[in-house]
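Just below is one structure, and these are the notes that go with it.
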Amino acid sequence: MVIDVAERDFQTEVVERSRTVPVVVDFWAEWCGPCRQLGPVLEREAGAREGEVVLAKLDTDANPGIAQAFGIQGIPAVKAFRDGEVVAEFVGAQPPAAVAEFFDALVPSEADRLATADDEASLRHALELDPRQPEAAYKLAVLLHGKGEDDEALALVENLGGHFGAEGLAARIRLEREDGGPDLASAFAALDAGEHERAMDLLLEALPAADAGRDDVRRVVVGVLDDLGVDDPVARTYRRRLASALY
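Quick note on numbering: the sequence shown equals residues 1411 to 1657 in my numbering.
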């Protein structure tokens, strides 16, 4: 999609729209030769990603206030907006390959799209395309753990640092394998049954006596809370309870 924008609708058509789809703004002017070279390239790349990105064209001569607000000192200038913020930009005419890379970074890759699926074949294909795709690795590990294929599941998630769900699943597998560790079978059974409150109660009760497994119990709890999401009322309640139990 290609649209023309002006100062009167910039907030709506660019800033607010970017909360649902990336918006690339082409700051240009009629007299600018490089702008006329770059414009068709931008339009072609936006058209190739129809539905995934919007190209907004803004004439800086007709809209000096917006140009000044975004510090435009030379044109063509291109800025990409996502979630109301500028996330990428460049100045001057660029080679077509560089423009394509700029757009590629704004839209989901094929691996990212496949990672939204829930079937094993799609998730494995996502990892073939991008072995570092974290969501695909985590979701595949969850499926494998459910089938008892824990070695592969653990290999997928144990190095996904910063992904709380993955860290929680890795911790759960370690706890399930640990001899003499805390008895968490009832907690994990409740978790698998979707009984999150009962599972959280049992995990938090086990936390003080978990000894060497204490940090892994905490990781399991944090992973479940992350899966539930920040707005989930159960997550809000047990996030506070976890903090109290730890500190």
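Where is the CB? At the ideal position from N, CA and C, for every residue including glycine. These numbers were taken from a predicted model, which means no experiment stands behind them.
Out of curiosity, what's the CA-to-CA distance linking residue i and residue j?
| i | j | result |
| --- | --- | --- |
| Arg1582 | Asp1642 | 22 angstroms |
| Ala1498 | Phe1491 | 7 angstroms |
| Leu1448 | Glu1511 | 14 angstroms |
| Tyr1657 | Leu1612 | 18 angstroms |
| Ala1536 | Ala1599 | 30 angstroms |
| Asp1379 | Gly1494 | Within the shown structure, residues of the chain are numbered from 1411 to 1657, placing residue 1379 beyond reach of any answer. |
| Arg1651 | Asp1626 | 17 angstroms |
| Gly1461 | Val1431 | 8 angstroms |
| Met1411 | Val1631 | 43 angstroms |
| Arg1446 | Asp1414 | 15 angstroms |
Here's the rule I'm using: 16 or more other beta-carbon atoms within 10 Å means buried, otherwise exposed. How should residue i be labelled?
| i | result |
| --- | --- |
| Gly1571 | exposed |
| Trp1441 | exposed |
| Lys1489 | buried |
| Thr1647 | exposed |
| Ala1576 | buried |
| Val1433 | buried |
| Gln1483 | exposed |
With DSSP run on the structure shown, which of helix, strand or coil describes residue i?
| i | result |
| --- | --- |
| Ala1487 | strand |
| Glu1520 | helix |
| Ile1413 | strand |
| Val1434 | strand |
| Ala1515 | coil |
| Glu1426 | helix |
| Arg1418 | coil |
| Arg1459 | coil |
| Ala1503 | coil |
| Ala1581 | helix |
| Glu1453 | helix |
| Ala1525 | coil |
My guess is that residue i and residue j are in contact by the Cβ rule of under 8 angstroms, so how many angstroms apart are they, rounded?
| i | j | result |
| --- | --- | --- |
| His1573 | Pro1618 | Their Cβ separation, rounded to whole angstroms, is 27 angstroms, which puts His1573 and Pro1618 out of contact at 8 angstroms. |
| Asp1436 | Pro1486 | 6 angstroms |
| Ala1551 | Leu1585 | With a Cβ gap of about 15 angstroms, Ala1551 and Leu1585 do not count as contacting. |
| Leu1465 | Ala1456 | 4 angstroms |
| Ala1616 | Val1634 | Contact doesn't hold; Cβ gap of about 14 angstroms is too wide. |
| Val1463 | Val1517 | 6 angstroms |
By the DSSP assignment, the beta strand (DSSP E) with residue i in it spans what residues?
| i | result |
| --- | --- |
| Val1644 | Premise fails: Val1644 lies in the alpha helix (DSSP H), Pro1643 to Leu1656, not in any beta strand (DSSP E). |
| Leu1465 | Val1464 to Asp1469 |
| Glu1538 | Careful: Glu1538 lies outside any beta strand (DSSP E), inside the alpha helix (DSSP H) at Glu1530 to Leu1539. |
If I follow the unbroken alpha helix (DSSP H) through residue i, where does it start and stop?
| i | result |
| --- | --- |
| Lys1549 | Pro1544 to Gly1556 |
| Leu1671 | It is not possible to answer for residue 1671, since the shown part of the chain is limited to 1411 through 1657. |
| Val1634 | Arg1624 to Leu1638 |
| Asp1611 | His1606 to Ala1616 |
| Pro1592 | Looking at the DSSP string, Pro1592 is not in any alpha helix (DSSP H), and its letter there is neither H nor E. |
| Ile1482 | Per DSSP, Ile1482 belongs to no alpha helix (DSSP H) and is neither H nor E. |
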